[in-house]
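Step one of this worksheet: look at the structure below.
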Amino acid sequence: MKAVGLTVVRTSVLCSLLSCVSTPALQASTPAPQSRGFTHIVAFGDSFTDNGYVDGHGFDRESNGKVWVEYLSDTLQAQDLDNRAWGGARTDEGHYLGFDWSGFNWQVDRFELQSKPEETLFTVWIGVNDYWDAKDDPADSVRNIQRGLEKLVAKGARHVVVFNNFDLTLSLGYGPKTEYHDLVPTVRALTQQFNEALYQMLFDGSDSFVQEHPGVKLYFVDIGAFMDAYVKKHDFAAAPWRGS
């Protein structure tokens with residue numbers, strides 16, 4: 201699939217942005233991130249990206265190793281990773297616990313570009329903290345993301361990675377013994393609505409993000425399709441984690 205200023209990771213494989221970033225998984229007509237010589241990465245997001253409190257950003261690492269953007273930085277051999285993600289961040293200015301800071305737009309508002317635009321790769325992975333409890337409208341989330349992306353472009357962003365979201369109900373937090381199990385059908389549907397609305401905002405129509413910003417290269421990662429395929433292909437072989 202091709203559009204102005206667009207590179208789509210249609211294979212949905214996260215490694216397309218890691219070890220396979222310069223393979224034919226990306227549109228051949230648009231050089232992949234690795235071949236562009238990015239020296240700086242600026243990351244926005246939630247706990248999927250948060251790597252702990254570093255340089256005034258982040259709460260804590262919610263992983264037992266590196267988060268995905270750190271692997272990306274290693275693969276691209278970037279000189280600097282400016283990780284501005286905060287665990288629990290929503291798409292607006294706030295946090296899912298209710299306080300009015302740490303959200304995606306709050307992160308963007310406090311960012312000023314210090315590196316060369318053509319050598320800087322921006323990443324955005326956000327959204328699940330808006331609707332994990334089945335309370336918010338994904339359409340509002342997508343509008344918030346669009347607002348943040350517009351501000352990033354105004355601040356100089358020219359190369360942007362955007363993720364959709366995977367089905368949260370695949371996680372143990374929605375298991376049969378949890379208080380959130382009854383929310384599974386609703387949250388699953390909200391995830392689908394979010395992904396469809398995000399794709400439409402980015403790519404569909406004359407007023408889509410890629411049409412409005414032909415000078416911006418957008419690298420889209422369909423993590424939702426990747427996770428669906430991965431879960432169908434693999435079974436858990438280890439002992440249950442913490443009794444789950």
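Counting in the working numbering, the sequence shown runs from 201 upward without gaps.
Glycine included, C-beta positions come from ideal geometry on N, C-alpha and C.
Predicted model, so just to flag it, every value in this text is computed and none were measured.
Whole-Å CB distance - residue i paired with residue j, under 8 Å assumed
{"i": "residue 304", "j": "residue 345", "result": "7 Å"}
{"i": "residue 290", "j": "residue 329", "result": "5 Å"}
{"i": "residue 415", "j": "residue 319", "result": "Their Cβ separation, rounded to whole angstroms, is 15 Å, which puts residue 415 and residue 319 out of contact at 8 Å."}
{"i": "residue 409", "j": "residue 321", "result": "Not quite, the Cβ-Cβ distance comes to about 17 Å (not below 8 Å), so this is no contact."}
{"i": "residue 418", "j": "residue 402", "result": "7 Å"}
{"i": "residue 426", "j": "residue 325", "result": "Not quite, the Cβ-Cβ distance comes to about 13 Å (not below 8 Å), so this is no contact."}
Alpha-carbon spacing of residue i relative to residue j, whole angstroms
{"i": "residue 431", "j": "residue 385", "result": "17 Å"}
{"i": "residue 209", "j": "residue 280", "result": "Any reading at residue 209 must be qualified, since the residue scores a pLDDT of 42, below 50, and its modelled position is unreliable; the value itself is stated next. Their Cα atoms are separated by approximately 24 Å."}
{"i": "residue 339", "j": "residue 420", "result": "19 Å"}
{"i": "residue 407", "j": "residue 239", "result": "31 Å"}
{"i": "residue 270", "j": "residue 259", "result": "16 Å"}
{"i": "residue 429", "j": "residue 423", "result": "10 Å"}
{"i": "residue 413", "j": "residue 317", "result": "15 Å"}
{"i": "residue 398", "j": "residue 255", "result": "30 Å"}
{"i": "residue 381", "j": "residue 433", "result": "23 Å"}
{"i": "residue 274", "j": "residue 351", "result": "27 Å"}
{"i": "residue 388", "j": "residue 278", "result": "36 Å"}
{"i": "residue 221", "j": "residue 411", "result": "Caution is warranted here: a pLDDT of 35 is assigned to residue 221, below 50, making its placement in the model unreliable, and the coordinate value is therefore given only provisionally. So the alpha carbons of these two residues sit roughly 24 Å apart."}
{"i": "residue 231", "j": "residue 355", "result": "Confidence at residue 231 is low in this model, with a pLDDT of 48, below 50, so its placement is unreliable and the value that follows should be read with caution. Rounded to whole angstroms, residue 231 to residue 355 spans 23 Å at the Cα level."}
{"i": "residue 268", "j": "residue 405", "result": "31 Å"}
{"i": "residue 347", "j": "residue 251", "result": "25 Å"}
{"i": "residue 243", "j": "residue 374", "result": "28 Å"}
{"i": "residue 383", "j": "residue 341", "result": "19 Å"}
{"i": "residue 288", "j": "residue 377", "result": "23 Å"}
{"i": "residue 276", "j": "residue 360", "result": "15 Å"}
Best match in the options for proximity to residue i [C-alpha to C-alpha]
{"i": "residue 246", "options": "273, 293, 404", "result": "293"}
{"i": "residue 369", "options": "347, 354, 392, 348", "result": "392"}
{"i": "residue 286", "options": "376, 306, 352", "result": "306"}
{"i": "residue 282", "options": "315, 302, 288, 275", "result": "315"}
{"i": "residue 241", "options": "435, 272, 336, 355", "result": "272"}
{"i": "residue 379", "options": "276, 323, 333, 251", "result": "333"}
{"i": "residue 358", "options": "268, 288, 323, 405", "result": "323"}
{"i": "residue 400", "options": "343, 243, 268", "result": "343"}
{"i": "residue 313", "options": "353, 376, 331, 341", "result": "353"}
{"i": "residue 302", "options": "360, 383, 257", "result": "257"}
Buried or exposed (CB count within 10 angstroms, at least 16 for buried), residue i
{"i": "residue 253", "result": "exposed"}
{"i": "residue 309", "result": "exposed"}
{"i": "residue 372", "result": "exposed"}
{"i": "residue 327", "result": "buried"}
{"i": "residue 336", "result": "buried"}
{"i": "residue 435", "result": "exposed"}
Please confirm if the stretch 264-283 is in contact with the stretch 292-301, defined as three or more CB-CB distances below 8 Å between the two stretches. no
Does the contact criterion of 3 or more C-beta pairs under 8 Å hold for the stretch 388-406 versus the stretch 356-369? yes
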